[in-house]
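The structure appears right after this line, and notes come after that.
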Amino acid sequence: MAIVDYRGHRVVAQSIIPGILQGDKSDSLLYGSVDNGKKISWNETFHSKVVEATKQLHLKEHVVLDGSGNPVKLAATVECKGIVGSDDR
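Position one of the sequence shown corresponds to residue 1 (UniProt numbering), numbered consecutively onward.
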């Protein structure tokens, strides 16, 4: 994702994740939530990469509760999503 200033307009440019427009998307979410925290996905490998990035931004891990009251430790906002494409990237 990038913010681009072009001819007096500011736009957000984002690539399309391979395969995201077809098939079942429930398996593609590794980290975060798409329903305002009712269900929170968590993946250890992705979490460690987010922790590495958020250290540079001076953000710290925190615990959030999902819709069932279960605690989940996140390093970014619950709206931040980690998605794997159909090409496994």
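Positions of the beta carbon are idealized from the N, C-alpha and C atoms, including for glycine. Keep in mind it's a predicted model, so treat the numbers as computed, not measured.
Which word fits residue i, buried or exposed, when buried means at least 16 other C-beta atoms lie within 10 angstroms of its C-beta?
i	result
G32	buried
V4	exposed
H58	exposed
H9	exposed
A76	buried
Does DSSP classify residue i as helix, strand or coil?
i	result
A76	coil
S48	helix
Got a sec? Which residues, its chain only, sit under 7 Å from residue i by beta carbon, not counting five neighbours each side?
i	result
Y71	The sequence shown places Pro at residue 71, rather than the Tyr named in the question. Result list for P71: V63, L65, in chain order.
G67	G37, K38, K39
K73	E61, V63
Return the chain-ordered list of same chain residues with a C-beta closer than 6 Å to the C-beta of residue i, the five sequence neighbours on each side being excluded.
i	result
S28	I83, V84
N43	L30, Y31
Which residues does DSSP list as the beta-bridge partners of residue i?
i	result
I40	Its beta-bridge partners do not exist; DSSP assigns none.
A2	A13
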